[in-house]
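Participant:
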Amino acid sequence: MFYQNATSTVWLERPAGAAAEAGNAEEEAHAMEDFVYHRPVLQREVLRLLNPKPGSLIVDGTCGGGGHTEALLETGADVLALDQDPDAVQHVSKRLARLGRRIIVRQANFRHTACVLDELGIRTIGGALLDLGVSSRQLENAARGFSFVRNGPLDMRMDPQTQLTAATIVDEYSEEELTRLFRELGEEPAARRIASLIVKMRKTSPFRETLPLVRAIEKLVGRHGRQHPATQIFQALRIEVNDELGALEDGLRVLTARLALGARIGVITFHSLEDRIVKNFFRDHSRAWLDKPEWPEPRRNPDHDLKLVTPKPVEPADEEQRANPRSRSAKLRVAEKIHEPFTSTKL
Ligand SMILES: C[S@@+](CC[C@H](N)C(=O)[O-])C[C@H]1O[C@@H](n2cnc3c(N)ncnc32)[C@H](O)[C@@H]1O
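If you're matching positions, the sequence shown starts at -11 in my numbering and goes up one per residue.
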């Protein structure tokens, strides 16, 4: 769909190059240096269920603040840490520099993991982790445009080199397209009314910043319950800007194809659309046989290469949910590679 940047290796022995954005963003990033970048969720469960072997290479496709990456390294495994956000890459490179060549940090969308592995001459991996969504740092940095509490540009790109921004969507998508987006990706009951208001308002004044959009939504639907009325709309915009569902589908395929036999893939999701994709992918890859009423007999599933490690998703314990409210909607699913699929197309 839109071009996703998959370049610029950052080896730890070299300082990371990419500053997220000029000006305000940089100032904000420095001011936030003392904040916790991101508190990893389900960390104990990830380690127990991924079961990384010392010396094996785990791909952390969403390294963010490096919490899971560090925990994986502490088990003795090596890590290829990817993130599409150059700010995360810079942060993790600095945070884990002491570990030298046991970790490679690279700016890349995890849907391009195969290219990264090929460039590094790596054929198979000992495990993979995806911890989806945005980091606390991205959410809290108003300059990135994810926040509906503090004003910022209507941006929402995790990778600032991609083209599509939230402002482009809000100002250029048709009313029908906006309605579909808010309904399907935001599961927003007032999707049509909000889309129609946006189209009306943008004729006189295009949306460039987050708070004018937030106020317009608030005025239209009012405040009910604990959730901010703009939550679902911002979620929909963010998913569209970053093609998050498309990236997840590609990432699952590519990472599973590269797992060594016995290696595991774990995915942490934060909303139902993502969880459904992971659940269906693992289900479709863990059934040995397929059957249909019109077939004379069951057939072998050509995609069968996984076994479910978690038949039901693992959720954070009460203690974690209390300590870290962001973890409340987290769901972890894990599967293990048991053989190559019968129709093996190498990715
Ligand atoms: C929830 S945070 C991960 C936090 C991390 N596990 C930690 O312990 O700090 C999600 C991160 O994934 C990154 N991300 C999201 N989608 C991505 C994709 N398709 N490719 C690469 N990185 C992605 C975001 O930029 C963000 O830094």
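Positions of the beta carbon are idealized from the N, C-alpha and C atoms, including for glycine.
Do Gly140 and Thr198 have their C-beta atoms closer together than 7 Å?
Facilitator: Numbered from its first residue, the sequence shown carries residue 140 at position 152. Numbered from its first residue, the sequence shown carries residue 198 at position 210. In contact: Gly140 and Thr198 (Cβ atoms closer than 7 Å).
Participant: At a cut of 8 Å, does the stretch 218 to 237 reach the stretch 281 to 295 through at least three beta carbon pairs?
Facilitator: As far as the Cβ criterion goes, the stretch 218 to 237 does not touch the stretch 281 to 295, which means the pair count is below three.
Participant: Whole angstroms is fine: what's the gap from Ala311's alpha carbon to Val29's?
Facilitator: As a first step, residue 311 must be located in the sequence shown, where it is residue number 323. As a first step, residue 29 must be located in the sequence shown, where it is residue number 41. Roughly 10 Å between the two C-alpha positions.
Participant: Thinking C-alpha only, which one of Lys325, Gly254, Val47 and Arg83 is nearest Leu108?
Facilitator: If you number the sequence shown from 1, residue 108 lands on position 120. For Leu108, the nearest C-alpha among the options comes from Val47.
Participant: Applying the 10 Å Cβ sphere with the 16-neighbour rule, what's the burial state of Gly213?
Facilitator: Here residue 213 refers to the residue found at position 225 of the sequence shown. Under this definition Gly213 is an exposed residue.
Participant: Is Asp119 close to ligand 1? I mean its beta-carbon at under 6 Å from any heavy atom of the ligand.
Facilitator: For this step, residue 119 is matched to residue 131 along the sequence shown. For ligand 1, at least one heavy atom lies less than 6 Å from the Cβ of Asp119.
Participant: Determine the burial state of Phe98: buried for a count of at least 16 other Cβ atoms within 10 Å of its Cβ, exposed for fewer.
Facilitator: Taking the sequence shown and counting its residues from 1, the one referred to as residue 98 is at position 110. Classification of Phe98: buried, given that the 10 Å Cβ count is 16 or more.
Participant: Is DSSP giving Arg211 helix, strand or coil here?
Facilitator: Indexing the sequence shown from 1 puts residue 211 at position 223. It is coil, neither helix nor strand.
Participant: Shortest alpha-carbon distance to Pro313 belongs to which of Ser124, Leu37, Arg90 and Leu105?
Facilitator: The sequence position of residue 313 within the sequence shown is 325, counting from 1. If we check each option's Cα against that of Pro313, Ser124 comes out closest.
Participant: Could you give the residue range of the alpha helix (DSSP H) that holds Asp147?
Facilitator: Taking the first residue of the sequence shown as 1, we reach residue 147 at position 159. Unbroken run through Asp147: none, as it is neither H nor E.
Participant: Could you compute how far the alpha carbon of Gln126 sits from the alpha carbon of Met146?
Facilitator: Looking up residue 126 in the sequence shown gives position 138. Looking up residue 146 in the sequence shown gives position 158. Approximately 8 Å between the Cα atoms of the pair.
Participant: Quick check on the DSSP output: the beta strand (DSSP E) that includes Val47 runs from which residue to which?
Facilitator: The residue you call residue 47 lines up with position 59 of the sequence shown. Run containing Val47: Leu45 to Asp48, per the beta strand (DSSP E) assignment.
Participant: For Gln149, which option in Gln95, Ser135 and Leu166 has the closest C-alpha, if you only look at C-alpha atoms?
Facilitator: By one-based count along the sequence shown, residue 149 stands at place 161. Ranking Gln95, Ser135 and Leu166 by Cα distance to Gln149 puts Gln95 first.
Participant: By alpha-carbon positions, which one of Gly88, Arg86, Phe330 and Gly53 ends up nearest to Asp119?
Facilitator: In the sequence shown, the residue the question calls residue 119 occupies position 131. Among Gly88, Arg86, Phe330 and Gly53, the Cα nearest to that of Asp119 belongs to Gly53.
Participant: Return the residue from the list Asp238, Thr112 and Pro42 that minimises the CA-CA distance to Glu328.
Facilitator: By 1-based counting over the sequence shown, the position of residue 328 is 340. For Glu328, the nearest C-alpha among the options comes from Thr112.
Participant: Based on Cα-Cα distance, which residue from Asp73, Gly88, Gln78 and Lys82 lies nearest to Asp66?
Facilitator: For the purposes of this step, residue 66 is identified with residue 78 of the sequence shown, where counting begins at 1. With distances taken between Cα atoms, Asp66 lies closest to Gly88.
Participant: Please classify Lys82 as buried or exposed, where buried requires at least 16 neighbouring CB atoms within 10 angstroms.
Facilitator: Residue 82 sits at position 94 when you count from the first residue of the sequence shown. So Lys82 ends up on the exposed side.
Participant: Would Ser193 be called buried (16 or more neighbouring beta carbons within 10 Å of its own) or exposed?
Facilitator: As a first step, residue 193 is located in the sequence shown; it is residue number 205 there, counting from the start. So Ser193 counts as exposed.
Participant: DSSP on Pro3, reduced to helix/strand/coil?
Facilitator: To locate residue 3, count along the sequence shown from 1; it is residue 15. Because the pLDDT at Pro3 is just 27, under 50, the model does not fix this residue reliably, and the value given afterwards should be weighed accordingly. Pro3 falls in the coil class under three-state DSSP.
Participant: DSSP state of Arg338, grouped into three classes?
Facilitator: Here the chain has residues from -11 to 335 only, and residue 338 is not among them.
Participant: Closest to Glu163 by CA distance: which of Val187, Met144 and His56 is it?
Facilitator: Numbered from its first residue, the sequence shown carries residue 163 at position 175. Checking every option, the nearest Cα to that of Glu163 belongs to Val187.
Participant: Just list the beta strand (DSSP E) runs in the stretch 64 to 108, keeping only unbroken ones of 3 residues or longer that don't cross its boundaries, in chain order.
Facilitator: 66 to 71 and 91 to 95, all fully within the stretch 64 to 108.
Participant: Which residue wins for smallest C-alpha separation from Glu232, given the options Ser317, Asp106 and Val266?
Facilitator: The count along the sequence shown starts at 1 and reaches residue 232 at position 244. Residue Val266 is the option with its Cα nearest to Glu232.
Participant: Assuming the contact rule is C-beta atoms closer than 8 Å, Val242 and Arg321 should be a hit. Round their C-beta distance to whole Å, please.
Facilitator: For the purposes of this step, residue 242 is identified with residue 254 of the sequence shown, where counting begins at 1. For the purposes of this step, residue 321 is identified with residue 333 of the sequence shown, where counting begins at 1. The pair is not a contact, with the Cβ atoms about 17 Å apart (cut-off 8 Å).
Participant: With DSSP as the reference, please indicate the residues paired to Trp277 in a beta bridge.
Facilitator: Residue mapping note: residue 277 aligns to position 289 of the sequence shown, counting from 1. Beta-bridge pairing links Trp277 to Arg288.
Participant: For Pro284 and Asp272, what's the separation of their Cα atoms in angstroms?
Facilitator: Position 296 of the sequence shown holds residue 284. Position 284 of the sequence shown holds residue 272. Roughly 21 Å separates the two Cα atoms.
Participant: Could you pull the DSSP bridge partners for Ala323 from this structure?
Facilitator: Position 335 of the sequence shown holds residue 323. Answer is Ile253 and Leu296.
Participant: Is Asp115 near ligand 1, with its Cβ less than 6 Å from a heavy atom?
Facilitator: Reading the sequence shown from its first residue, position 127 is the one you call residue 115. It should be pointed out that residue 115 corresponds to Gly in this sequence rather than to Asp. Not under cutoff, so the answer is no.
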